[in-house]
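Peer 1: The following block contains the structure, expressed as structure tokens.
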Amino acid sequence: MTAPTPVVALVGRPNVGKSTLFNRLTRSRDALVADLPGLTRDRHYGQARWGGRDFIVVDTGGFEPSAEQGIVREMAKQTRQAVAEADVVLFVVDVRAGLTAQDHDIAAYLRRLGKPVVLVANKAEGMRESGQWAEFYELGLGDVVPVSAAHGQGLRSLVEAALARLNLPEPDEASAEGNQARGDDGVIRLAVAGRPNVGKSTLINAWLGEERLVAFDLPGTTRDAIRVPFERQGRRFELIDTAGLRRKGKVFQAVEKFSVVKTLQAIEGAHVVLLLLDATEGVTEQDAHIAGFILDSGRSVVLAVNKWDAADDYQRQLAQRSIEARLGFLKHAPLHFISARQRQGIQALWGSIVRAYESAMIKMPTPLLTRLLHEAVAFQAPKRVGHVRPKLRYAHQGGSNPPVIVIHGNALEHVGDAYRRYLEARFRKAFDLVGTPLRIELRTQD
Ligand code: GDP
Ligand code: GDP
Numbered sequence: 001m002t003a004p005t006p007v008v009a010l011v012g013r014p015n016v017g018k019s020t021l022f023n024r025l026t027r028s029r030d031a032l033v034a035d036l037p038g039l040t041r042d043r044h045y046g047q048a049r050w051g052g053r054d055f056i057v058v059d060t061g062g063f064e065p066s067a068e069q070g071i072v073r074e075m076a077k078q079t080r081q082a083v084a085e086a087d088v089v090l091f092v093v094d095v096r097a098g099l100t101a102q103d104h105d106i107a108a109y110l111r112r113l114g115k116p117v118v119l120v121a122n123k124a125e126g127m128r129e130s131g132q133w134a135e136f137y138e139l140g141l142g143d144v145v146p147v148s149a150a151h152g153q154g155l156r157s158l159v160e161a162a163l164a165r166l167n168l169p170e171p172d173e174a175s176a177e178g179n180q181a182r183g184d185d186g187v188i189r190l191a192v193a194g195r196p197n198v199g200k201s202t203l204i205n206a207w208l209g210e211e212r213l214v215a216f217d218l219p220g221t222t223r224d225a226i227r228v229p230f231e232r233q234g235r236r237f238e239l240i241d242t243a244g245l246r247r248k249g250k251v252f253q254a255v256e257k258f259s260v261v262k263t264l265q266a267i268e269g270a271h272v273v274l275l276l277l278d279a280t281e282g283v284t285e286q287d288a289h290i291a292g293f294i295l296d297s298g299r300s301v302v303l304a305v306n307k308w309d310a311a312d313d314y315q316r317q318l319a320q321r322s323i324e325a326r327l328g329f330l331k332h333a334p335l336h337f338i339s340a341r342q343r344q345g346i347q348a349l350w351g352s353i354v355r356a357y358e359s360a361m362i363k364m365p366t367p368l369l370t371r372l373l374h375e376a377v378a379f380q381a382p383k384r385v386g387h388v389r390p391k392l393r394y395a396h397q398g399g400s401n402p403p404v405i406v407i408h409g410n411a412l413e414h415v416g417d418a419y420r421r422y423l424e425a426r427f428r429k430a431f432d433l434v435g436t437p438l439r440i441e442l443r444t445q446d
């Protein structure tokens, strides 16, 4: 058991560069995933990876201070939850504008909260002398870290300073490959994600009320999030709560407000994410954002459209069409239509969950991968570009969860996206991969 993925919140007055910094920090992770059709990103929450470390970034956004209210009251309203959920706060100030009264107010507020704070002097491009940001030491928040979000300068030091406040264990090999938060103890960690009222608690209670499930103890479970370990047909699972569930007698009830941060942490800590949708509402903007987080996390995913019982024909058609239109980037996910309340279709989910797990953890032997690669090329070779034709020589597995296939060869920079998708589809079919993203990495030798 590892700790939940750390959360870093960006706080500061308007126009200091928070959203620019947010984009910089989260782009490190976006870069691992293609921008796929239909994919929209949440502008306030994102996943980041620097130096083998995963963390969650929250931009507390642009609150406008009003004359009567003062910046801190205004901020307290909109950012309280984000700051409360953060492990460390990046307090962003603008070196070009200099220290302002509002900065003083925010600093006082943050000091009262007692959270670890890193003071970030943004827009410091071209500045070398610490004298240029010396006035910010007045805020009494310790060291000032100069960065330029716009020019991408100082970010590595900033991330190091932020993560240094968290006493994290050293990142290990596995986390560098994207396996953070999952020891390989054969337990399938499952997160049930979805916006409020899609039926997460109803489904979980329907499952847990079954006799087929046997509880067992798992060391280190439960601190802040509910984790329910159980066994089903000889397989061990751990359910990671995203719904803010608390046990009330025999059943679980959602008692907390929906939290994007908790959802993100649960996704990061899972092997498989079951994304629940509501048949009577189709795919909403919030559903699409959660789906985007799952894609970025690289986790395996199973889609279930709940409340099928309550949807009429028109709603059912609409729901199916909105899945095609808005969640096209999760085409690899098995799709189920269920009713948690009437317990219809909920057993069949387990088959998909297990397959999605096995697909994420698959071991692909080098000789087989190379043979499949040669077959794919024989069937359809990559296009010649000018005088060069890319030469794909051999392939090996570069990681799991999600699986990565590394292809070696020459002139691979000329392999186009369409051909890459063709290869992905061939490998997917050959290994019968379901639910998991599959990453193809091309490495040119010359
Ligand atoms: P927010 O309101 O705090 O989210 O600020 P934004 O990220 O929207 O940035 C406000 C303005 O500052 C925009 O015009 C940015 O282009 C600019 N900006 C952000 N970072 C930098 C930087 O590192 N250097 C300079 N010179 N401008 C920046
Ligand atoms: P959560 O916020 O995602 O945990 O959602 P809940 O499990 O609390 O469900 C929200 C509401 O939807 C409750 O009134 C449930 O009874 C209802 N609900 C859940 N599943 C179904 C279903 O399959 N069909 C119908 N018609 N209603 C459902």
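Mapping the sequence shown onto the UniProt record's numbering, position 290 (from 1) lands on 290, and the numbers just tick up by one.
For every residue, glycine included, the Cβ atom is placed at its ideal position computed from N, Cα and C.
None of these values were measured; they are calculated from a predicted model.
(1) Locate the beta strand (DSSP E) running through Trp50, then write down its first and last residues.
(2) As a quick exercise: from Ala411, Val58 and Glu85, pick the residue whose alpha carbon is nearest that of Lys18.
(3) Assign Leu25 to one of two classes, buried (16 or more other C-beta atoms within 10 Å of its C-beta) or exposed (fewer than that).
(4) Going by alpha carbons, who is nearest to residue 513 out of Arg439, Asn23, Val88 and Leu318?
(5) 8 Å is my cut-off, CB to CB: does Val7 come that close to chain B?
(6) With burial defined as no fewer than 16 other Cβ atoms inside 10 Å of the residue's Cβ, what is the status of Leu39: buried or exposed?
(7) Does DSSP put Gly398 in a helix, a strand or coil?
(8) Would you list, in sequence order, the uninterrupted alpha helix (DSSP H) runs of no fewer than 4 residues that lie entirely inside the region 409-433?
(9) What is the rounded straight-line gap between the Cα of Trp308 and the Cα of Leu349?
(10) Would you say the beta carbon of Val144 comes nearer than 7 Å to a heavy atom of ligand 1?
(11) Check whether the Cβ of Thr20 sits closer than 7 Å to any heavy atom of ligand 1, and report yes or no.
(12) Please identify the residue among Arg235, Trp207 and Lys262 whose C-alpha is closest to the C-alpha of Leu3.
(13) How is Ile204 classed by DSSP in three states: helix, strand or coil?
(14) Classify Phe379 as buried or exposed, calling it buried when 16 or more other Cβ atoms lie within 10 Å of its own Cβ.
(15) Can you tell me whether Val187 is helix, strand or coil according to DSSP?
(16) How many Å lie between Asp432 and Ala319 at the Cα?
(17) Roughly how many angstroms lie between the CA atoms of Ala156 and Leu141, to the nearest whole one?
(18) Report yes if the C-beta distance between Pro334 and Val434 is below 8 Å; otherwise report no.
(19) Excluding sequence positions up to five away, which residues of its chain have a Cβ less than 7 Å from the Cβ of Gly98?
(20) According to DSSP, which residues form a beta bridge with Glu285?
(21) Examine the Cβ distances between the region 381-390 and the region 404-413 and report whether three or more of them are shorter than 8 Å.
(22) In the structure shown, what three-state DSSP assignment does Leu32 receive?
(23) Look at Arg189 and His271 and say whether their C-beta atoms are less than 8 Å apart.
(24) For Val406 versus Gly416, is the C-beta distance shorter than 8 Å?
(25) Given residue 457, which residues of its chain have a CB within under 6 Å of its CB, disregarding the five upstream and five downstream residues?
(26) Using the C-alpha atoms, what's the distance from Arg420 back to Glu324?
(27) Determine the closest residue to Gly269 out of Ala279, Thr436 and Ile240, with distance taken between C-alpha atoms.
(28) Out of Phe258, Thr202 and Leu330, which has the shortest C-alpha to C-alpha gap to Gln342?
(29) Report whether the distance from the Cβ of Gly151 to the nearest heavy atom of ligand 1 is below 7 Å.
(30) Could you tell me whether any non-hydrogen atom of ligand 1 is closer than 7 Å to the CB of Val16?
(31) Output yes or no for whether 8 Å exceeds the beta carbon distance between Glu125 and Ala150.
(32) Are Val120 and Leu158 closer than 8 Å when you measure CB to CB?
(33) Sort Ala279, Val305, Phe337 and Ala356 by Cα distance to Gly298 and report the nearest one.
(34) Using 10 angstroms around the beta-carbon of Leu303, count the other beta-carbons present and answer buried if the total reaches 16, otherwise exposed.
(35) For a quick check, are the C-beta atoms of Leu277 and Gly194 less than 8 Å apart?
(36) Going along the chain, which residues of its own chain have a beta-carbon closer than 8 Å to the beta-carbon of Ala381, five neighbours each way excluded?
Peer 2: On the basis of the supplied data:
(1) Tyr45 to Trp50
(2) Val58
(3) Residue environment for Leu25: buried (at least 16 other C-beta atoms within 10 angstroms of its C-beta).
(4) Past the boundaries of the shown model lies residue 513; the chain is included only from 1 to 446, so the question cannot be answered.
(5) In summary, chain B is missing from the structure at hand, where a single protein chain is found.
(6) So Leu39 ends up on the buried side.
(7) In this structure, Gly398 counts as strand in the three-state DSSP scheme.
(8) 417-431
(9) 14 Å
(10) no
(11) yes
(12) The sequence as given places Ala at residue 3; Leu does not occur at that position. For Ala3, the nearest C-alpha among the options comes from Lys262.
(13) Three-state result, Ile204: helix.
(14) Its Cβ having fewer than 16 others within 10 Å, Phe379 is exposed.
(15) The answer is coil: DSSP assigns Val187 none of H, G, I, E or B.
(16) 27 Å
(17) The sequence given here has Arg at residue 156, not Ala. Going by the C-alpha atoms only, they are around 20 Å apart.
(18) yes
(19) Glu135
(20) In the DSSP output, where bridge partners are listed per residue, Glu285 has none listed.
(21) yes
(22) With a pLDDT of 49 at Leu32, under the threshold of 50, the modelled position of this residue cannot be trusted; read the value that follows with caution. Looking at Leu32 - three-state DSSP - the assignment turns out to be coil, as it is neither helix nor strand.
(23) Against a cut-off of 8 Å, the Cβ pair of His271 and Arg189 comes out as a contact.
(24) no
(25) What is shown of the chain runs 1 to 446, which leaves residue 457 out entirely.
(26) Just so you know, the alpha carbons of Glu324 and Arg420 end up roughly 22 Å apart.
(27) Ile240
(28) Thr202
(29) Per the sequence presented here, residue 151 reads as His, with Gly not at that position. Checking every heavy atom of ligand 1 against the Cβ of His151, one is found closer than 7 Å.
(30) yes
(31) yes
(32) yes
(33) For the residues Ala279, Val305, Phe337 and Ala356, the minimum Cα distance to Gly298 belongs to Ala356.
(34) Label assigned to Leu303: buried.
(35) yes
(36) Arg389
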